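S.K.: Residue numbering for the sequence shown follows the working numbering, starting at 265 and increasing by one per position.
Think of the CB as a built atom: it goes at the ideal place given N, C-alpha and C, for glycine as much as any other residue.
Being a predicted model, the structure only gives us computed values, none of them experimental.
Sending over a structure as structure tokens; questions will come in a sec.
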Amino acid sequence: MENTPSGSTALALEQAHTARNYAPLPVVISQADGAWVTDTTGVRYFDCLAGYSALNFGHRHPRLVQAAVDQLSRVTLTSRAFHHDQLGAFCAELADLTGTEAVLPMNTGAEAVESALKIARKWGYEIKGVPENQATIVVADGNFHGRTTSIISFSGDKDATAGFGPYTPGFRSVPFGDTDALADAIDATTVAVLIEPIQGEAGVVIPPDGYLRAVRHLCTDRNVLFVADEIQSGLARTGRTFACDHEDVRPDLMLLGKALGGGILPVSAVVGGWDVLGVLRPGQHGSTFGGNPLAAAVGRAVIALLRDGSLQQRAQRLGEDMAGRLDQLIGHGVTAVRSRGLWAGVDIDPAVATGRQICERLMRRGVLAKETHGATIRLAPPIIAETTDLTWAIEQLAAVLDERTGQ
Ligand SMILES: *Cc1c(COP(=O)(O)O)cnc(C)c1O
């Protein structure tokens, strides 16, 4: 291709013109296929991040690309000022997958979260009867729900919040996994409890068994909406369609994003019953791109991939294998491993190296991964990855840890 810059040119242009809100590993990707990406010099890497789980189905999954290409040749954008023929089917199919009734289509994850905050507040005023402007929403310490002003207002991460005030009021944060603290934080003004069923950015933090069921019970009991942010945990990553499925729990609102766009374009959604989503009337909320024909067509193809449950089973099977191999690294540069499905948080012994150093060394061995909060590496390869590739990638991690401890 004539318009393809070299790796060094690409880096120089980023250096000169791209805002520094990320610190990427020094790899310049120019192609990708399945679980593997290729840099501008032709070196291949196994992708253990999978776009923070936006690439659950791998890069350029043939059925997703086909759905996008077919739709590109028909119609891509109408705006919601008019109907188009993909939206109803997308919402119906997503409602069916989630066992609910209604869908609000948005684009990014943060938009889905923001939308849910608005819906929960409106529900609180119109249905629950909370006095105007008094609504509170309870969240969990260590949360990650996105980067907008309101969302960072209830983040505990100093990097995410410092310098961006004033913050949006109306939030209370309690320790994740602590049912008693949650019960204490709920009062007559509380409209919703917003949690990740498994905290992804916090390092794949899994709550104690029964927590999600307790949250469900508490929310029902106190007339509060249970809002589950499944943006990273949902759509087969944990070995079930949704992380809430592990405890057979149905939230009032479920937030989806990331993999819903198949790694092709941003697609997010708020799903729930009409008793809650019904509070939105025309003109009260919107998005130019939300639910556009291309997004709806790709979203439908994603839902179709999840229909028979085989990808969920594959995540479970590959995940058990991965967890078994990672557990063997405990005491060899790894202090703890948390995993559910094909999703693991690996805590690196700070005496051995930082998470970043491990990721840099992995990169040199052909494995791309990303640290979170300094000492934890999150492993979330595409679910379509081959067992042999995954085994090889974990061997590289073992070697990288050895390299260091051996010195
Ligand atoms: C990534 C993520 C978001 C935000 O999604 P964006 O598309 O980056 O806005 C929200 N919640 C969770 C749990 C996430 O992992």
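Is the beta carbon of V534 closer than 8 Å to that of S317?
M.R.: Against a cut-off of 8 Å, the Cβ pair of V534 and S317 comes out as no contact.
S.K.: Looking at C-beta atoms only, is the number of pairs between the stretch 459-471 and the stretch 347-359 that lie closer than 8 Å three or more?
M.R.: These segments do not touch.
S.K.: In this structure, how does DSSP classify D405 when only helix, strand and coil are distinguished?
M.R.: Coil, per DSSP.
S.K.: What is the residue span of the alpha helix (DSSP H) that T413 lies within?
M.R.: T413 -> alpha helix (DSSP H) spans T413 to I416.
S.K.: Take G410 as the anchor and find which of F435, E465 and I383 has the nearest alpha-carbon.
M.R.: Among F435, E465 and I383, the Cα nearest to that of G410 is on E465.
S.K.: From what residue to what residue does the beta strand (DSSP E) around A309 run?
M.R.: Strictly speaking, residue 309 in this sequence is Tyr, with Ala absent from that position. Y309 -> beta strand (DSSP E) spans R308 to D311.
S.K.: Assign P269 to buried or exposed, taking buried as 16 or more other Cβ atoms, counted over all protein chains shown, within 10 Å of its Cβ.
M.R.: The residue is exposed, with fewer than 16 neighbouring Cβ atoms inside 10 Å.
S.K.: Looking only at its chain, what residues have a beta carbon closer than 7 Å to the beta carbon of A456, apart from the 5 residues adjacent to it on each side?
M.R.: These residues qualify, in order along the chain: A384, I401, V488, L489 and V491.
S.K.: Can you give, in chain order, each stretch of the alpha helix (DSSP H) that sits fully within the stretch 554-607 and has at least 4 residues?
M.R.: Listed in chain order, the complete alpha helix (DSSP H) runs (minimum 4 residues) inside the stretch 554-607 are 557-570 and 574-591.
S.K.: Mind checking who S532 pairs with in its DSSP beta bridge?
M.R.: Its beta-bridge partners are M370.
S.K.: Would you be able to state if there are at least three C-beta pairs under 8 Å between the stretch 579-595 and the stretch 650-670?
M.R.: Judged by Cβ distances under 8 Å, the stretch 650-670 makes contact with the stretch 579-595, as three or more pairs qualify.
S.K.: Going straight from the alpha carbon of Q671 to that of I612, what length do you get?
M.R.: For Q671, the predicted structure reports a pLDDT of 48, less than 50, and the residue's modelled location is therefore unreliable. The matter cannot be settled from this model.
S.K.: Nearest-angstrom Cα distance between T305 and W387?
M.R.: Answer to the nearest angstrom: the Cα atoms are 54 Å apart.
S.K.: Can you grab the Cα-Cα spacing for the pair T618 / G434, in whole Å?
M.R.: Whole-angstrom Cα-Cα distance: 36 Å.
S.K.: From the DSSP output, in three-state form, read off L520 for me.
M.R.: Correct three-state label for L520: strand.
S.K.: In the DSSP assignment, what are the bridge partners of E635?
M.R.: Paired residues: I641.
S.K.: Quick one, are the C-beta atoms of L632 and L313 less than 8 Å apart?
M.R.: Closer than 8 Å, so yes.
S.K.: So the candidates are F506, G393, I641 and R514; which of them puts its Cα closest to the Cα of L575?
M.R.: It is F506 whose Cα lies nearest to the Cα of L575.
S.K.: Counting beta carbon pairs with one atom in the stretch 327-340 and one in the stretch 543-550, are three or more of them shorter than 8 Å?
M.R.: Too few Cβ pairs lie closer than 8 Å, so no.
S.K.: A296 by DSSP, collapsed to three states: which one?
M.R.: The answer is strand: DSSP assigns A296 an E or B state.
S.K.: Could you check whether the Cβ of Q496 sits closer than 7 Å to any heavy atom belonging to ligand 1?
M.R.: It does: the Cβ of Q496 is within 7 Å (strictly closer) of some heavy atom of ligand 1.
S.K.: What residues match up with L489 in a beta bridge as DSSP calls it?
M.R.: In the DSSP output, where bridge partners are listed per residue, L489 has A456.
S.K.: Would you give the residue range spanned by the alpha helix (DSSP H) that S437 belongs to?
M.R.: Note, S437: premise wrong, no alpha helix (DSSP H); beta strand (DSSP E) at F435 to V438.
S.K.: Closer than 7 Å to a non-hydrogen atom of ligand 1 - does that hold for the CB of D493?
M.R.: The answer is yes for D493.
S.K.: Give a single yes or no on whether Y286 has its beta carbon closer than 7 Å to a heavy atom of ligand 1.
M.R.: No; taking the cut-off as 7 Å, the Cβ of Y286 has no heavy atom of ligand 1 nearer than that.
S.K.: From the DSSP output, read off the bridge partner residues of Q463.
M.R.: Q463 pairs with V469.
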